[in-house]
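Quick notes on the structure that follows.
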Amino acid sequence: MGPNAAGAAVRSGHAEAPPLRPPPPPRRVSGPSRHPRAAASRPAASPGLVVALIDHPWLERLVRGRAWIAIVATALLGIVAMQVALLRLGSQIGNATSAVNALTARNETTRTEIAVLESNRRLSASSATSGLVYPSPGAVTYLQVNPGDAARAVREMTPPSAAAIAAAATAAHDLASAAPLTPAATTTTAAPSTPSTPSAGTTTATTTIAATTPSTATTGATTATTATTAAGGAASTASTTTGTAASGTAAGTGTTASGTTAGATPSTGTTAGATAATTTTTPTTTTTTAATSSGAASTAATTAAGGTTPAG
Amino acid sequence: MAISQRRIGWLLGVFALLLSLAAVRALQLATLSSGRLSSVANAEHVTTVTTPAPRGSIVDANGDLLAVTEAADDVTATPKQVLDPAAAALALSPLLHVPVAKLEADITNPIAPDWARLAVQVPAATAAAVAKLAIPGIALSPDPRRIYPDDYLGAQVLGGVGTDGNGLSGIELEYNRQLTGIAGHQTVVSDGQGQPIAVSGPTAVAGRTVHLTLYAALQQYTDSVVAATGEQFRAEHATAIVLDPQTGAILAMSNWPRVNANDPAAVGLSENYAVGLDYEPGSTFKIVAIGGALSEGLIAPNTPFTIPPCIQVANYCIQDSEVHGYETLTTSQILARSSNIGAIKIGKLLGPGGMYDWMRRFGFGSPTGVDLPDDEPGRVLPVSQWSGSTIGNVPIGQGVDVTPLQVATAYAAIANGGLLRAPHIVSSIGGAPERLPKATRILTPAVAAQLRRMLEGVTSAGGTASEIQIPGYTLAGKTGTANKVVDGTYSHTDYYASFVGFAPAQNPQIEAIVMVDSPQTGEIYGTEVAAPAWQKIMDFALPYLKIAPG
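First to last, the protein sequences are chains C and G. Under our numbering, the residue at position 269 of the first sequence is numbered 269, and the numbers go up by one with no gaps. Under our numbering, the residue at position 147 of the second sequence is numbered 1147, and the numbers go up by one with no gaps.
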């Protein structure tokens, strides 16, 4: 070291540092070589970001300020409010469950009551009391209908007139306010018992039941018609029910293949459908013979020793 | 400054001490006493409620309810908690319709030390009234009850339900799994006032609705006809079945003596004779021999047979019911007049093996496969067990046991063109249609048509049931009268009278069988006992089901 160099060192007040050696290269680590891109993708910046967030001046200002108290208080109140709401919800669910159970039980009871009221035994007894009877097979005649008749009936149907609607309303009002129906006479009108022989699978059923009450016996019958045509017109049926408007039996509907429905016109109107269906009536002539020869009933059984079966 | 710092120090010390005490207490509650405290809390606030599942309804073809479940409760008592048994009994008696003395005795002397059942399945309204009394120690437990709105309607078919809610007989038994729902088990947390604040767990799932092929109105009418017939002839039993021969759907099934479906004990003791009664069919069985011989080409409807006054089979000379000399009858006439000798001759043409084979083909000797319990197979002896006279018995419906439903199923095969199909009574479950049972062809359509024409002769002039007429309809059927076996021998006082047939004869839409067991009024023949009932049923059924004449 020369005097100039020593003087310079004294001036600066520092001892001269020894010449630096370059740092040694990192020791090789066993294992697969690390891809520089993979190393770059590591979240190396995350701790820095968290630290930066914690050390952020805004947060510093928030924590040191009075707003922090308000925020914490609000959060606590929110938690309490949520718990209360949860309890209230649970309570409501509990009450709703109880209500559901109660309503289900009541529904079952009501359904049972309806079933009892609708029971066949009760209805049959009630119907018999009212003088209603099932038609006997001879009272039901089957008319022949051509495939186009139902459509023609629909075309000829007309809506009821205003007078008819008014009459129907009056009749309905009378019916509602009337005492329980006690018909003086109920008759089942049997059409001629000349059953038809179905041809081409098209038949029409006509049931005629007339019920009269003393007050309305002279009002004239009202005709309601039901006409149903299966798709393609392969089979058609039509039935005609006749009754008095006041007795409440005149309401009827007509349904055709095209789905058109028309109400019958009480007391004054006869639907065209009814007319059409009726005019297509073709009584046929199949006759059922009622032979009366006695069978084997009159003869005592003759059995062999081992026992034989009496014939029929 | 020093003072204030000292005060703060003291304050901190006190807080630290209090916190420490609180921590110790919390530790004690949370660890040492936690189990006891939890169970106490749960007992007070958490209850598990089991809700019985409503049993599925049974409805008819029109959707009318035949069986329905109604909410009901059992009234129970915890005797130790009932402070004043006499007062409790007095208050409950008018509601439960139980005498005060009995109620008081039940409470004071319970069947179990801490439990007594005071009433079973009280209606919901009554249960609510009991709850309103708020008697300590008196509690309600759900126990739904089964209601049959029509009481007697098809009671043996619908069956009954036991106290445990399971089906005991009939449809209730056969479809118990589908009708039974899944009970709900809910955990309810209540607050201090007993109000539920949290409910969790599955709710009850109702059983599925079973849709029958029965028509309630037809069933009721058939019930009434069968009851009237049973009473008129003072019969031991009577039964009737109405079915659709094309599909095998049972439209009505009646039994007599009738029972009230709402009386489980009576229903449990009764039997569905339509499927469970084995009887010797008599002449209705003649279609087996004739149908078999027709199918095998051994005879034709107009094949003549010489009918002697009696026919010798082994040691017996078997006669017809009418005394006659030698005569000639065609196959059709043999069936129309129900000639025993003619049927035996035809049976002999088939031989024992053929006869046995055709009995089995017609479904005899096996359960019909109907979806009802107690579907009896009947009894058809194998040929190896036949005696020398068996070939003289079997063709005329003796020596074999059948059920009314088996006979109806065999005739349905004739009616529908030759297909033997298991009858069924359930059309859908929970809205899902049941699959139609598979059919087996046992007759060609031509032979079935021949048999239909021959059976039509039974109800025509000269036939054994010529009195049976329904205006507008051609009828086909067969009468049957059979001696009843009593103590191993054929009785001469007890008979089975039956009639089976369908209409319209050549396009059958409906079939019915009526069987009367042991009519006691002197009339014994199918034509005079069972056929009139059959006619009444068909009189109603044909227009009710809107079957066109033919």
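Even for Gly, the Cβ is constructed at its ideal location relative to N, Cα and C.
- Across the structure, G/D1143 and G/P1054 are spaced so that their CA atoms are roughly 10 Å apart.
- Look at C/H173 here: in three-state DSSP terms it is helix.
- By alpha-carbon distance to G/P1257, the top candidate from G/Y1411, G/Q1232, G/L1420, G/S1141 is G/Q1232.
- As the crow flies, the alpha-carbon of G/T1368 is around 11 Å from that of G/R1360.
- Interface flag for C/G90 against chain G is set, since a Cβ pair is found closer than 8 Å.
- Per the coordinates, the alpha-carbon of G/A1512 lies some 28 Å from the alpha-carbon of G/N1176.
- In the DSSP assignment, G/E1511 falls within the beta strand (DSSP E) that extends over 1510-1517.
- Shown here, G/Y1490 sits in a strand according to DSSP, grouped into three states.
- Under the Cβ criterion (8 Å, minimum of three pairs), the region 1092-1112 of chain G does not count as touching the region 1157-1171 of chain G.
- Straight through space, the alpha carbons of G/V1400 and G/I1470 are spaced by roughly 32 Å.
- A Cβ-Cβ separation of about 20 Å leaves G/A1077 out of contact with G/A1124 under the 8 Å criterion.
- If the five residues before and after G/V1323 are omitted, its C-beta is found closer than 8 Å to the C-beta atoms of P1309, all from its own chain and listed in chain order.
- Between C/L87 and chain G, the shortest Cβ-Cβ separation is below 8 Å.
- A residue is called buried once 16 or more other Cβ atoms fall within 10 Å of its Cβ, and C/R66, having fewer, is exposed.
- Within the region 1181-1200 of chain G, the residues whose Cβ lies closer than 8 Å to any Cβ of chain C are, in chain order, Q1186, V1188, V1189, S1190, D1191, Q1195, P1196, I1197, A1198, V1199.
- C/S126 is classed as exposed because its beta carbon has fewer than 16 other beta carbons within 10 Å across all chains shown.
- Between G/Q1398 and G/E1280, the C-beta spacing is below 8 Å.
- Counted as a single uninterrupted DSSP element, the beta strand (DSSP E) harbouring G/L1329 occupies residues 1327-1330.
- Sixteen is the threshold: when 16 or more other Cβ atoms of the shown chains lie within 10 Å of the Cβ of G/N1416, as they do, the residue is buried.
- Using a Cβ distance threshold of 8 Å, G/N1255 and G/T1239 count as a contacting pair.
- In its chain, beyond the 5 residues on either side, T1048, T1050, G1201, P1202 have a beta carbon closer than 7 Å to the beta carbon of G/H1185.
- Counting other Cβ atoms within 10 Å of its Cβ, G/N1393 reaches 16 or more and is therefore classed as buried.
- For G/Y1473, the beta-bridge partners assigned by DSSP are G/I1470.
- Taking 3 residues as the shortest admissible run, the region 1277-1344 of chain G contains the following complete beta strand (DSSP E) segments, listed from N- to C-terminal end: 1304-1307, 1310-1313, 1316-1319, 1327-1330.
- At least one CB of chain C lies nearer than 8 Å to the CB of G/F1540.
- Contact check between the region 1209-1219 of chain G and the region 1410-1430 of chain G: three or more CB pairs, one atom from each, fall below 8 Å, which counts as touching.
- Comparing alpha carbon positions, the residue from G/A1227, G/V1040, G/I1138, G/G1365 closest to G/V1514 is G/A1227.
- With respect to G/V1098, G/S1169 sits apart: the two C-beta atoms are not nearer than 8 Å.
- By the Cβ test, the region 1241-1248 of chain G is not in contact with the region 1445-1453 of chain G, since fewer than three Cβ pairs between them sit closer than 8 Å.
- 8 Å or more divides the Cβ of G/K1478 from the Cβ of G/S1321.
- Contact annotation for C/P135 against chain G: P1543 [CB-CB distance below 8 Å, chain order].
- The region 1066-1085 of chain G and the region 1145-1161 of chain G touch, with no fewer than 3 CB-CB distances between them shorter than 8 Å.
- Among the residues of the region 1263-1288 of chain G, those with a Cβ less than 8 Å away from any Cβ of chain C are E1280, G1282, S1283, in the order of the chain.
- Nearest C-alpha to G/S1339 among G/Y1356, G/I1290, G/P1373: G/I1290.
- Restricted to the region 144-172 of chain C, the alpha helix (DSSP H) segments that are unbroken, complete and at least 4 residues in length are 149-156, listed in chain order.
- Taking C-beta atoms as the reference points, G/V1122 and G/A1072 count as a pair closer than 8 Å.
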